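Student:
Number of protein chains: 2
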Amino acid sequence: MKPLSAKQLEIRERERTILDVGQEMLLDRGYAGLTMDRVAEAIGVSKGTIYQHFANKEDLLAAVAVRSADTRASLFERAGTFRGTSRERMTAVGTAAELFFALYPHHEQAERAIRASSLSDKISAKRTVGLESCTFRCFGVATGIARDGIASGDLVLREGQTVEQVCVGLWNLYIGAFLMSDLENFIDEPVVKDPMPTLHANAQVYLDGYGWTAHSTEHDYPATRQRILGEIFPAEARTAGLLESSR
Amino acid sequence: MKPLSAKQLEIRERERTILDVGQEMLLDRGYAGLTMDRVAEAIGVSKGTIYQHFANKEDLLAAVAVRSADTRASLFERAGTFRGTSRERMTAVGTAAELFFALYPHHEQAERAIRASSLSDKISAKRTVGLESCTFRCFGVATGIARDGIASGDLVLREGQTVEQVCVGLWNLYIGAFLMSDLENFIDEPVVKDPMPTLHANAQVYLDGYGWTAHSTEHDYPATRQRILGEIFPAEARTAGLLESSR
DNA sequence: TTCCATTTCTGACGAACCGTCAAAAAATAG
DNA sequence: CTATTTTTTGACGGTTCGTCAGAAATGGAA
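Written out as structure tokens, the structure reads:
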């Protein structure tokens, strides 16, 4: 409605800056390394001002998480627009998840830290519903594709199986792999040397288990993945180093 | 070698007590609710004494995690002794994982808290290798069963697939489901109402995808699961409320 | 039992951080 | 330029971590 004054714009801009700084500190110094004093100093503002934007440290953390969760939901929605068979489109969703993990590695840490410290108070309802709604957007894309698969006859569910179940399993597979992936950074001898190719293969095996055509032996899903990266996420894939121009 | 004096026994006993108290506090008050002062008070000992057992808070946390990780490895090893087909035995491993999650819910929190705060220093090498070795024991059981499956012809891997890959995927699926499971405790409308049956079904779908005989349409794996609980884990299953005497 | 060396325990203390709030400074309106 | 509202500041109280000099307990040896 009203035009924003210069001051109000500055405040709005500062909120973004706080999130940026918090995100960065979280990433390279962990939850304990993110302190309100250091954030304030990095911005060049006093601590009290930070508290005018965020109720407390957990709230700042949650805001960081909400922002990246929103980005993830957008990536999922873009993935849903990929032109291909239903199973190729589901592959695109997996690719979006992987891309998100590569581009915003801080998000895992933020979510972990939130859940490690919160007894669900401290974090405002606004942030909680924000996170929830992003999750629903992600699931909405996935279940929609699964329903398309059923409609086209690519996916035939057995008694008692639901599209939600299919999507939850895939989600679990990815989340578990991401968790393991940055767990492996801390130990010397990783259980699996290169987790991402393993994840791609296992996700396809999982979909094979549901009998979702085309079976992975009859279609080149790695090639589909390259197409997805090139057509839907060219800029992001290059940033993440996932897209080689050759090949 | 030497017989332990009464004092030394007391000290050893106290270490166990500290772990018990720490574990309990972690479970019902979270990482922030676990303070060294409160642990000391609960034991009836001064804070300095706690620091004679553990270098710092993270180290205590890691010790709690190591102890439960060791228990998990034992459960996996017992699961490996189940008499049945290779795939039934792998199902037993999954059942062990589920049982562990139900019996020691604090473990997830401990692992999260460790990774949320540590930049890998603070925690002594002793704890780190302890955790690693427990993980290897778990994977050893699983990969052993997969190799048995290959030897018996129940599991036929395609070009480029490995037993490690099979096991990592299953592990990811479980870890992801557990993570989601206690995430759902904090939000109002869960994505899936009852995560565990979904997990069981998806794990079988995943193994179906690898073509590991017998296919889930040709064998009653829920019944196998009941047998596993009754034969291998009767006491634990009853404690966890997973074993109904009827049926 | 008494004495003394060694081990173990204690709790006061410094440092770091969170979150608050009265007072100061800046912005805005009249 | 003055009055009012908004915004910012940083010193402060409270909590927790981890330390360490001194106190207490322990275990022989005389």
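Chains A and B, in that order, are what the protein sequence lines are. Letter 225 of the first sequence, counting from 1, is numbered 382 in the numbering used here, and no numbers are missing. Letter 222 of the second sequence, counting from 1, is numbered 379 in the numbering used here, and no numbers are missing. Backbone N, C-alpha and C define an ideal beta-carbon position, used for all residues, glycine too. What you are looking at is a predicted structure, and each value in this text was computed from that prediction instead of being measured.
#1: Could you pull out every residue in the same chain whose Cβ sits closer than 8 angstroms to the Cβ of B:A273, ignoring the five residues on either side in sequence?
#2: Strictly below 7 angstroms CB to CB, what residues from chain B border A:Y208?
#3: Taking CB distances under 8 angstroms as the criterion, tell me whether A:V349 reaches chain B.
#4: Under 7 angstroms: does the beta carbon of A:G241 sit that close to some heavy atom of the ligand FMN?
#5: With distance defined between alpha-carbon atoms, name the residue in B:R294, B:F293, B:F239 nearest to B:G408.
#6: Identify each residue in the segment 252–266 of chain B for which the Cβ-Cβ distance to at least one residue of chain A is less than 9 angstroms, and report them in chain order.
#7: Expressed to the nearest angstrom, what Euclidean distance is found between the alpha-carbon atoms of A:S225 and B:L327?
#8: Kindly indicate the opening and closing residues of the alpha helix (DSSP H) around B:D227.
#9: Decide if A:L166 is buried, meaning its Cβ has at least 16 other Cβ atoms within 10 Å, or exposed.
#10: Which same chain residues, not among the five before or five after B:S338, have their C-beta less than 6 angstroms away from its C-beta?
#11: Specify the secondary structure class of A:K279 as computed by DSSP and reduced to three states.
#12: Output the distance between the C-alpha atoms of A:K279 and A:F211, rounded to the nearest integer angstrom.
#13: Would you mind telling me which residues of chain B sit closer than 9 angstroms to A:F296, beta carbon to beta carbon, in chain order?
#14: According to the neighbour-count rule (16 or more other Cβ atoms, all chains shown, within 10 Å of its Cβ), is A:G179 buried or exposed?
#15: Under 8 angstroms, do B:V250 and B:A308 count as touching if we go by C-beta distance?
#16: Mind pulling the chain A residues with CB within less than 8 angstroms of B:R269?
#17: What distance in whole Å lies between the Cβ atoms of B:C324 and B:A230, which are believed to be in contact at a cut-off of 8 angstroms?
#18: Mapping the DSSP letters down to three states, classify A:R404 as helix, strand or coil.
#19: Could you have a look at A:E316 and say whether DSSP puts it in helix, strand or coil?
#20: Quick test of your reading: A:T242 and A:D311, contact by CB under 8 angstroms. State the CB separation rounded to the nearest angstrom.
#21: So with Cβ pairs under 8 angstroms, would you call B:R404 a contact of chain A?
#22: Determine whether the beta carbon atoms of B:M182 and B:V202 lie at a separation below 8 angstroms.
#23: Report the neighbours of A:L217 on chain B: residues whose CB is nearer than 7 angstroms to its CB, in chain order.
#24: Cutting at 6 angstroms between CB atoms, please list the residues of its own chain near B:P266, excluding the five before and the five after it.
#25: Going along the chain, which unbroken runs of the beta strand (DSSP E) with 3 or more residues stay wholly within the segment 364–399 of chain A?
#26: Compare the C-alpha of B:A397 against each of B:Y331, B:A259, B:E375 and name the closest.
#27: In the structure shown, what three-state DSSP assignment does B:K350 receive?
#28: Less than 8 angstroms separating the beta-carbons of A:L218 and A:A270?
#29: Please classify A:D185 as buried or exposed, where buried requires at least 16 neighbouring CB atoms within 10 angstroms.
#30: 8 angstroms is my cut-off, CB to CB: does A:E341 come that close to chain B?
#31: Quick check on B:M158: does DSSP put it in helix, strand or coil?
#32: State the DSSP-derived secondary structure class of B:S243, mapped to helix, strand or coil.
#33: Taking the alpha-carbon of B:K283 as reference, which of B:S162, B:A222, B:I168, B:P379 has the nearest alpha-carbon?
#34: Give me the chain B residues within the contact set of A:E321, using Cβ-Cβ distance strictly less than 9 angstroms, ordered along the chain.
#35: Under 7 angstroms Cβ to Cβ from A:G306, same chain only, skipping five residues before and after it: list those, please.
Tutor: Per the coordinate set shown:
#1: Locating residue 273 of chain B in the second sequence gives position 116, counting from the first residue. So the list reads Y188, once near-sequence residues are dropped.
#2: Looking up residue 208 of chain A in the first sequence gives position 51. Under the 7 angstroms cutoff, chain B gives no residues; its nearest Cβ is about 19 angstroms from A:Y208.
#3: Along the first sequence, one-based indexing puts residue 349 of chain A at 192. Interface flag for A:V349 against chain B is set, since a Cβ pair is found closer than 8 angstroms.
#4: Inclusion of the ligand FMN in the displayed structure is not the case, the ligand content being empty and no account of it being possible.
#5: Residue 408 of chain B is absent from the structure shown; chain B starts at 158 and stops at 404.
#6: Q266
#7: The residue labelled residue 225 of chain A in the question sits at position 68 within the first sequence. The residue labelled residue 327 of chain B in the question sits at position 170 within the second sequence. One C-alpha to the other measures close to 28 angstroms.
#8: The residue given as residue 227 of chain B occupies position 70 in the second sequence. 214–236 is the span of the alpha helix (DSSP H), which, as asked, contains B:D227.
#9: What you label residue 166 of chain A is simply residue 9 of the first sequence in a count that begins at 1. A:L166 should be labelled exposed.
#10: If you number the second sequence from 1, residue 338 of chain B lands on position 181. Excluding positions up to five away in sequence, the list reads P352.
#11: The residue labelled residue 279 of chain A in the question sits at position 122 within the first sequence. If DSSP states are grouped into helix, strand and coil, A:K279 belongs with coil.
#12: As a position in the first sequence, residue 279 of chain A is number 122, starting the count at 1. As a position in the first sequence, residue 211 of chain A is number 54, starting the count at 1. Straight through space, the alpha carbons of A:F211 and A:K279 are spaced by roughly 11 angstroms.
#13: Numbered from 1 along the first sequence, position 139 holds the residue referred to as residue 296 of chain A. The answer, in chain order, is V348.
#14: The residue you call residue 179 of chain A lines up with position 22 of the first sequence. Result: buried.
#15: Start at 1 with the first residue of the second sequence, and residue 250 of chain B comes out as number 93. Start at 1 with the first residue of the second sequence, and residue 308 of chain B comes out as number 151. Contact: no.
#16: For the purposes of this step, residue 269 of chain B is taken as the residue at position 112 of the second sequence. Chain A residues near B:R269: R269, R272, A273.
#17: Taking the first residue of the second sequence as position 1, residue 230 of chain B is located at position 73. Taking the first residue of the second sequence as position 1, residue 324 of chain B is located at position 167. In fact, because the Cβ distance is near 14 angstroms, the residues do not count as touching under 8 angstroms.
#18: The count along the first sequence starts at 1 and reaches residue 404 of chain A at position 247. Its pLDDT being 41, under 50, A:R404 is placed unreliably by the model, and nothing is read from it.
#19: Residue 316 of chain A sits at position 159 when you count from the first residue of the first sequence. DSSP places A:E316 in coil when its eight states are reduced to three.
#20: Taking the first sequence and counting its residues from 1, the one referred to as residue 242 of chain A is at position 85. Taking the first sequence and counting its residues from 1, the one referred to as residue 311 of chain A is at position 154. Indeed, because the Cβ distance is near 6 angstroms, the residues count as touching under 8 angstroms.
#21: Position 247 of the second sequence, counted from the first residue, corresponds to residue 404 of chain B. Note that B:R404 scores a pLDDT of 41, beneath 50, so its modelled location is shaky; the value from the coordinates is reported in the next line. Contact with chain A is absent for B:R404, since none of that chain's Cβ atoms lies less than 8 angstroms from the residue's Cβ.
#22: For the purposes of this step, residue 182 of chain B is identified with residue 25 of the second sequence, where counting begins at 1. For the purposes of this step, residue 202 of chain B is identified with residue 45 of the second sequence, where counting begins at 1. The Cβ-Cβ distance between B:M182 and B:V202 does not fall below 8 angstroms.
#23: Numbered from 1 along the first sequence, position 60 holds the residue referred to as residue 217 of chain A. The contacting residues do not exist; A:L217 stays about 15 angstroms from chain B at best.
#24: The residue labelled residue 266 of chain B in the question sits at position 109 within the second sequence. According to the sequence displayed, residue 266 of chain B carries Gln and not Pro. Only L183 meet the Cβ criterion.
#25: Complete beta strand (DSSP E) runs here, min 3: none at all.
#26: Mapped onto the second sequence, residue 397 of chain B falls at position 240. The candidate whose alpha carbon is nearest that of B:A397 is B:A259.
#27: One-based indexing of the second sequence puts residue 350 of chain B at position 193. In the structure shown, B:K350 sits in coil (DSSP, three-state: anything other than H, G, I, E or B).
#28: Taking the first residue of the first sequence as 1, we reach residue 218 of chain A at position 61. Taking the first residue of the first sequence as 1, we reach residue 270 of chain A at position 113. Cβ atoms of A:L218 and A:A270: closer than 8 angstroms.
#29: Here residue 185 of chain A is taken as the residue at index 28 of the first sequence, counted from 1. A:D185 should be labelled exposed.
#30: Walking along the first sequence from the start, residue 341 of chain A turns up at place 184. Between A:E341 and chain B, the shortest Cβ-Cβ separation is not below 8 angstroms.
#31: For this step, residue 158 of chain B is matched to residue 1 along the second sequence. Only weak support exists for where B:M158 lies, its pLDDT of 44 falling under 50; the value from the coordinates is given anyway. Of the three classes helix, strand and coil, the one that applies to B:M158 here is coil, per DSSP.
#32: What you label residue 243 of chain B is simply residue 86 of the second sequence in a count that begins at 1. Three-state DSSP puts B:S243 in a helix.
#33: Residue 283 of chain B sits at position 126 when you count from the first residue of the second sequence. Here the closest residue by C-alpha is B:A222.
#34: Working through the first sequence from its first residue, we reach residue 321 of chain A at position 164. Neighbours of A:E321 on chain B, chain order: V348, V349, T355.
#35: Position 149 of the first sequence, counted from the start, is the residue given in the question as residue 306 of chain A. Answer for A:G306: S243, R244, L312, W369, listed in chain order.
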